[in-house]
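Engineer: According to our numbering, the residues represented by the sequence shown are 3 to 105, in order.
Ideal Cβ placement from N, Cα and C applies to all residues, glycine included.
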Amino acid sequence: MSVQRDAWGERLPRHLGLGSAVAVLVGSTIGSGIFRVPAGVAERLHEPGPVLLAWVVGGLVALFGALTYAELAAALPRSGGVFAYILEAFGPLPAFLFGWSEL
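#1: How is A13 classed by DSSP in three states: helix, strand or coil?
#2: Buried or exposed for Y87, going by 16 or more other Cβ atoms inside 10 Å?
#3: So, under 8 Å CB-CB, A97 and L105 are touching, yes? Tell me the CB distance rounded to an integer number of Å.
#4: Based on DSSP bridge pairs, tell me the residues matched to G7.
#5: Apart from the five residues just before and just after V24, which ones in its own chain have a Cβ nearer than 7 Å to its Cβ?
This is the structure:
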């Protein structure tokens with residue numbers, strides 16, 4: 003994999019198509035909990051209205067989180083993801099600690 007150089011410095015090449023990007027985002031956002039959680043929620047709430055409301059609220063929270071990451075990615079267009087954002091905002095020690103906590 004070759005490294006590209008531009009005004010922002012060195013970056014990894016972007017080879018992710020639209021379909022692959024959507025699959026990665028859906029898989030990381032939804033995960034396998036979508037198959038386990040609905041039964042427990044419905045069991046505790048007993049009626050469909052509150053169950054649907056819980057799903058809508060959860061979807062809005064996920065949407066706001068995704069939009070936050072979109073803004074960060076647009077503001078800091080370089081490789082590294084959350085590590086790069088923490089490095090820029092808080093410095094090397096918090097970024098290092100975050101990186102190790104993700105292992």
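Structural biologist: Reading off the structure:
#1: Checking the sequence, you will find Arg at residue 13 rather than Ala. In this structure, R13 counts as strand in the three-state DSSP scheme.
#2: buried
#3: Actually they are not in contact, since the Cβ atoms of A97 and L105 sit about 14 Å apart, beyond 8 Å.
#4: Looking at the sequence provided, one finds Arg at residue 7 rather than Gly. According to DSSP, R7 bridges with E12.
#5: none
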